[in-house]
Amino acid sequence: MNAFLAANQPVSNDEIIQWESRFEVKLPPEYRSFLLEQNGGRLQKFTFYVSGAGEFGIDLFYSLKKTEQEAIDSLHYAALTFPEFLSLKCIPIANDNSGGQVVIDENGQLFFWDHETIIEPVNLYPLGDSIAAFVESLTEEPVEPTSGDVALFNDGTKEDILKMVDRIDINAPFEHDQSLLQRAALVQKNWLVEVLINKGANLQGSLEKAMVNNNLDGFKLLLKSGADVNATNEDGDSLLIQTIIEAKPAFAKALLNYHVDTDYKDGFDQTALEVARMKVGQGEKELEEIVELLS
22 MNAFLAANQP
32 VSNDEIIQWE
42 SRFEVKLPPE
52 YRSFLLEQNG
62 GRLQKFTFYV
72 SGAGEFGIDL
82 FYSLKKTEQE
92 AIDSLHYAAL
102 TFPEFLSLKC
112 IPIANDNSGG
122 QVVIDENGQL
132 FFWDHETIIE
142 PVNLYPLGDS
152 IAAFVESLTE
162 EPVEPTSGDV
172 ALFNDGTKED
182 ILKMVDRIDI
192 NAPFEHDQSL
202 LQRAALVQKN
212 WLVEVLINKG
222 ANLQGSLEKA
232 MVNNNLDGFK
242 LLLKSGADVN
252 ATNEDGDSLL
262 IQTIIEAKPA
272 FAKALLNYHV
282 DTDYKDGFDQ
292 TALEVARMKV
302 GQGEKELEEI
312 VELLS
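Numbering of the sequence shown is given in my numbering, commencing with residue 22 and proceeding in unit increments.
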């Protein structure tokens with residue numbers, strides 16, 4: 022069970038009504054009860070994941086002050102600082118460690134806004150419809166993976182692996198200087214690849230790992246999720262040139278469905294087309310279609 026670190030000064034129902042009148046809003050019932058019972062504060066567990074955005078940490082839930090002082094931990098301050106939310110029928114109720122906001126609408130729906138985006142409906146990520154459930158879903162700050170986590174990844178059940186994902190820093194080196202996403206792409210655990218993508222894992226290097234064991238499904242999933250199609254390896258070969266050198270036309274074709282740089286030249290001053298023609302001349306007939314597509 023999650024718990025607040027300290028009790029804030031209690032607030033009355035009359036004070037809530039006065040605040041609603043001041044900002045011309047109506048607080049949803051569950052949030053009203055939350056203020057009466059707890060009135061904001063900091064939690065022991067504070068980390069949460071936003072699908073498509075990544076990992077964030079709650080700094081504090083705003084409290085309703087006895088006076089309209091503009092304390093930075095007050096609802097009054099938050100409403101004045103982010104009036105755009107009020108125009109969307111939302112109220113900022115908590116902030117994250119980087120300035121993002123958790124907001125609630127008049128129907129009790131919770132959303133997260135990343136401070137690097139404009140305040141508009143398209144940039145509000147849904148967090149559910151219950152403050153209590155959201156508070157209980159918060160986790161400890163992620164920890165570095167251990168050798169035990171590596172063993173769990175290799176031999177554990179899906180349920181156990183999912184629990185591990187919620188506990189560790191998914192972007193920390195996991196095994197052999199590879200991230201957990203890179204390892205999942207390498208061994209074709211594509212269900213885990215999808216989970217990690219949704220949790221905001223760093224996609225760097227994952228396409229190359231998917232290629233190693235011909236994980237085409239994982240490769241396409243990563244491409245669809247925004248992995249860098251123009252990444253290069255230590256030898257200066259682009260990903261497209263790598264697929265041609267390794268005679269993997271299906272992977273090359275997948276790349277060509279995206280904005281891949283076909284004019285990029287490798288360390289020998291050759292483009293992907295020139296490399297493909299050379300490989301066909303060496304007997305790699307399966308690359309003839311790639312030559313046609315690049316010509």
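Built from N, CA and C at the ideal position, the CB exists for glycine as well.
In this structure, the beta-carbon distance from Ala153 to Ile191 does not fall below 8 Å. Selection Arg43, Asn23, Asp35 and Phe55 evaluated against Asn29 yields Phe55 as nearest (Cα-Cα). In this chain, Pro31 is not harboured by any beta strand (DSSP E), its DSSP state being neither H nor E. Ranked by Cα distance from Arg298, the first of Leu315, Val233, Asp284 and Tyr285 is Leu315.
Nearest neighbour of Glu229 by Cα position, chosen from Ile38, Ser246 and Val250, turns out to be Val250. The residue from Ile189, Asn235, Lys110 and Thr264 with its alpha-carbon nearest to that of Val164 is Ile189. Going by beta carbons, Tyr52 and Ile93 fall outside the 8 Å limit.
For Ile262, there is no enclosing beta strand (DSSP E); the enclosing alpha helix (DSSP H) covers residues Leu260 to Ile266. Under the DSSP assignment, Glu76 falls outside any alpha helix (DSSP H), being part of the beta strand (DSSP E) whose first and last residues are Gly75 to Phe82.
As far as DSSP is concerned, Gln39 takes part in no beta bridge. Asp126 carries a strand assignment under DSSP once its states are collapsed to helix, strand and coil. In this structure, the straight-line span from the alpha carbon of Glu313 to that of Ser108 is close to 54 Å. In the structure shown, the three-state DSSP call for Asn118 is coil. Taking a C-beta distance under 8 Å as the contact criterion, Ala206 and Ala231 qualify as a contact pair.
From the listed residues Ile266, Ser259 and Ala271, the smallest Cα separation to Asp238 is found for Ala271. Excluding sequence positions up to five before and after Phe82, its CB lies within less than 7 Å of the CB of Gly61, Gly62, Ile114 and Ala115, all in the same chain and listed in chain order.
Non-local beta-carbon contacts of Pro194 in its own chain, meaning distances under 8 Å to residues more than five positions away in sequence, involve Pro166 and Ser200 in chain order. Counting C-beta atoms within 10 angstroms of its own C-beta, Gln203 has 16 or more neighbours from the protein chains shown and is therefore classed as buried. When C-beta atoms of the region 176-183 are compared with those of the region 61-76, fewer than three pairs fall below 8 Å, so the two segments do not count as touching. Scanning the region 167-210 for uninterrupted alpha helix (DSSP H) segments of 4 residues or longer gives 168-176, 179-188 and 201-207, listed from N- to C-terminal end. Counting the other Cβ atoms within 10 Å of the Cβ of Ile112 gives 16 or more, which makes it buried. Assigned with DSSP and collapsed to three states, Thr292 falls in coil, not helix or strand. Beta-bridge partners of Gly62 (DSSP): Phe82.
If you draw a straight line from the Cα of Leu277 to the Cα of Trp40, it comes to about 56 Å.
If you look at Leu244, you'll find it isn't in any beta strand (DSSP E); it sits in the alpha helix (DSSP H) that goes Leu237 to Lys245. Under DSSP, the beta-bridge partners assigned to Pro113 are Val124. Under the criterion of beta carbons closer than 8 Å, Phe133 and Tyr146 qualify as touching, at roughly 5 Å. Secondary structure at Phe69: strand, using DSSP grouped into helix, strand and coil. Going by beta carbons, Thr160 and Thr292 fall outside the 8 Å limit. At a Cβ-Cβ threshold of 8 Å, Val186 and Lys220 count as neighbours. For Val214, the three-state secondary structure derived from DSSP is helix.
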